[in-house]
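J.:
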Amino acid sequence: MKKTWKKTAALLTAAAVTMGMGLTSLAEEPEGEELKKVTVILDYVPNTNHTGMYVALDKGYYAEEGLDVEIIEPTDGATATLIAQQKGTFGIAYQEDVTIALTAEDPLPVKAIATIIQHNTSGFVTLADSGIESPADFEGKTYAGWGGPGESAVLEACMTQAGADFSKLNMVISDGSGFEALGKSCDIMWFFEAWDSIMAQMNGCELNYMACRDLDERLDYYTPIIITSDSVIESDPEMVSAFLRATEKGYQDTIADPDGAAEILSEHAPNYDLELLKLSQEYLADKFMEDTDTWGLMKDEVWDNYSAFLQEYGIIDEVLPADQCYTNEFLPQ
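Take 9 as the starting number for the sequence shown in the working numbering and just add one per residue.
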């Protein structure tokens with residue numbers, strides 16, 4: 009859940025959300041106890057990927073664990089970089105970002121500690137009446153994206169496997185207008201089902217949807233994930249466990265009552281359309297723990313498969329062992 013989401017969400021929240029705004033807990037601090045201050049840096053603006061944390065915040069789950077949690081937006085760089093620089097305790101990022109950060113010439117000392125969604129819920133979209141129904145039809149068409157390092161690799165892989173020539177695809181940077189650009193300034197976009205596709209549906213826009221995970225099994229990677237720095241893990245592992253215990257409770261409540269969770273998110277991001285939030289949250293309720301009984305659980309094969317994909321297409325030079333990229337040790341048992 010990622011860049012197209014970011015563009016659309018930024019337009020919706022521009023009037024109400026300012027960069028770097030802190031959102032503090034509504035729970036009362038236990039009398040006589042000093043809570044440990046913890047900062048969570050989002051990947052962008054608040055959205056339904058993050059709702060479990062806001063539920064944990066509002067219901068006092070973090071305070072019960074002795075934590076004073078503040079959720080903020082990134083202010084001056086990518087979240088992984090900010091976490092590595094210890095400008096935040098935890099961050100929301102993506103498997104792609106962490107993999108690239110760890111294999112860079114100067115690796116960042118970060119690690120994934122939980123995934124928020126079990127499977128990649130993104131894919132390519134075209135207008136339903138466009139006649140573009142698979143990557144085999146992408147030749148001669150225009151794709152509008154965000155210019156991420158792995159984006160071209162994904163498109164090239166999907167087109168090549170479909171027998172199409174990637175060099176014949178015209179790539180441009182999205183103007184942020186979302187589904188409204190389809191059939192006008194572009195033919196193809198990369199959408200997240202929980203947000204962009206629902207927004208299009210609410211506006212009567214019918215789409216062809218091509219899930220990344222169906223086009224290439226290696227593209228079923230973790231997005232988004234929760235990360236922290238090596239220094240936090242080494243200095244305060246009990247706090248990491250406490251944070252994830254409270255966060256897991258928030259996501260369990262979100263799964264059980266997506267409408268109620270959406271209403272809590274709406275209090276923190278009031279410029280969103282509540283119907284959009286509820287539809288999005290209802291969709292994600294089945295995705296947070298899809299195919300697992302443990303919230304946040306990650307698997308070696310998912311990290312290994314996507315790392316191998318990134319190496320094959322020249323995005324990274326080496327494949328790191330999965331245990332250097334993530335850990336499940338702090339998840340609630």
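Idealized CB from N, CA, C, for every residue including glycine.
Below 9 Å between beta carbons: does that hold for Y259 and V118?
T.: Result no, Cβ atoms of Y259 and V118 do not sit closer than 9 Å.
J.: If you run the structure through DSSP and keep just helix, strand and coil, what is W154?
T.: Coil.
J.: Can you list, in chain order, the residues of its chain whose CB lies under 7 Å from that of P38, leaving out five sequence neighbours each side?
T.: With a pLDDT of 48 at P38, under the threshold of 50, the modelled position of that residue is not reliable, and the figure given next carries that caveat. Around P38: A71.
J.: For N363, count neighbouring Cβ atoms within 10 angstroms of its own Cβ and tell me buried if that reaches 16, exposed if not.
T.: The first residue shown for the chain is 9 and the last is 341, placing residue 363 beyond what the model contains.
J.: Which residue's Cα is closest to the Cα of P2: S185, V53 and L227?
T.: Past the boundaries of the shown model lies residue 2; the chain is included only from 9 to 341, so the question cannot be answered.
J.: For K119, does the three-state DSSP call read helix, strand or coil?
T.: Residue state, collapsed to three classes: strand.
J.: What would DSSP say about A330, mapped onto helix, strand or coil?
T.: Note: A330 maps to helix in three-state DSSP.
J.: With distance defined between alpha-carbon atoms, name the residue in L43, G148 and D228 nearest to L318.
T.: L318 has its Cα closest to that of D228, out of L43, G148 and D228.
J.: Could you pull out every residue in the same chain whose Cβ sits closer than 6 Å to the Cβ of E36, ignoring the five residues on either side in sequence?
T.: Residue confidence for E36 is low, a pLDDT of 46 falling below 50, so the modelled location carries little weight; the figure read from the coordinates is stated next. There are no such residues.
J.: If you drop the 5 nearest sequence neighbours on each side, which residues of the same chain put their C-beta closer than 8 Å to that of I140?
T.: Within the same chain, I140 has close Cβ partners T134, F146, K149, D195, I196 and N216.
J.: May I ask you to list the residues that DSSP assigns as paired with W198?
T.: According to DSSP, W198 bridges with F132.
J.: Measure the C-alpha to C-alpha separation of R226 and V310 and round it to an integer number of angstroms.
T.: So the alpha carbons of these two residues sit roughly 7 Å apart.
J.: Rounding to the nearest angstrom, what Cα-Cα distance links Q289 and A161 in this structure?
T.: If I take the Cα positions, the gap works out to 30 Å.
J.: Buried or exposed: N57, going by 16 or more other Cβ atoms within 10 Å of its Cβ?
T.: By the neighbour-count rule (16 or more Cβ atoms within 10 Å), N57 is buried.
J.: Could you work out which residue in L223, F187, N178 and V77 is closest to A208 when comparing CA atoms only?
T.: Of the listed residues, the one whose Cα sits closest to A208 is F187.
J.: Short check: CB of W203 to CB of W154, under 9 Å?
T.: For W203 and W154, no; Cβs fall outside 9 Å.
J.: What is the rounded straight-line gap between the Cα of A269 and the Cα of N55?
T.: When rounded, the distance between both Cα atoms is 11 Å.
J.: Which residue marks the beginning of the beta strand (DSSP E) containing Y217, and which one marks its end?
T.: Here the beta strand (DSSP E) through Y217 covers L215 to A219.
J.: For the stretch 261-277 against the stretch 87-103, are there 3 or more C-beta pairs whose distance is under 8 Å?
T.: They do not touch, by the three-pair rule.
J.: Could you give the DSSP three-state label for D137: helix, strand or coil?
T.: Coil, per DSSP.
J.: Check each candidate in Y314, P340 and Y334 and name the one with the smallest Cα separation from D301.
T.: D301 has its Cα closest to that of P340, out of Y314, P340 and Y334.
J.: Have a look at I100 and A172 and give me their C-alpha separation to the nearest angstrom.
T.: About 35 Å.
J.: Could you tell me the alpha carbon to alpha carbon distance between K346 and S182, rounded to whole angstroms?
T.: The requested residue 346 does not occur in the structure, where the chain is confined to residues 9 to 341.
J.: Which class does D301 belong to by DSSP, given the choice of helix, strand or coil?
T.: D301: coil per DSSP, three-state reduction.
J.: Within 10 Å of its beta-carbon, does T168 have 16 or more other beta-carbons around it, so buried, or fewer, so exposed?
T.: The residue is exposed, with fewer than 16 neighbouring Cβ atoms inside 10 Å.
J.: Take the Cβ of M210 as the centre, count every other Cβ of all protein chains shown within 10 Å, and call the residue buried at 16 or more, exposed below.
T.: Label assigned to M210: exposed.
J.: Over what stretch of residues does the alpha helix (DSSP H) that includes V310 continue unbroken?
T.: D308 to E320 is the extent of the alpha helix (DSSP H) around V310.
J.: Count the other CB atoms, across all protein chains shown, that sit within 10 Å of the CB of A24; report buried if there are 16 or more and exposed otherwise.
T.: Residue confidence is low: A24 scores 35 on pLDDT, short of 50, so the model does not pin down where it sits. No coordinate-derived value is stated.
J.: Using the rule of at least 16 other Cβ atoms within 10 Å of the residue's Cβ for burial, across every protein chain shown, is E320 buried or exposed?
T.: It counts as exposed.
J.: So L110 is in the beta strand (DSSP E); what residue range does that whole segment cover?
T.: Per DSSP, L110 belongs to no beta strand (DSSP E); it is in the alpha helix (DSSP H), Q103 to L110.
J.: For L116 and I235, I'd like the C-alpha separation in whole angstroms.
T.: The alpha-carbon atoms of L116 and I235 are separated by roughly 12 Å.
J.: Name the two residues that bound the continuous alpha helix (DSSP H) containing S160.
T.: First-last of the alpha helix (DSSP H) with S160: E159 to Q169.
J.: If you follow the alpha helix (DSSP H) that T89 is part of, which residue opens it and which one closes it?
T.: Its alpha helix (DSSP H) spans residues T87 to A92.
J.: So, are the CB atoms of D267 and K295 less than 9 Å apart?
T.: It is not a contact, given that the beta carbons lie outside the stated cut-off.
J.: Mind checking G30: buried by the 16 CB within 10 Å criterion, or exposed?
T.: Its pLDDT being 39, under 50, G30 is placed unreliably in this model, and the value from its coordinates should be taken loosely. So G30 ends up on the exposed side.
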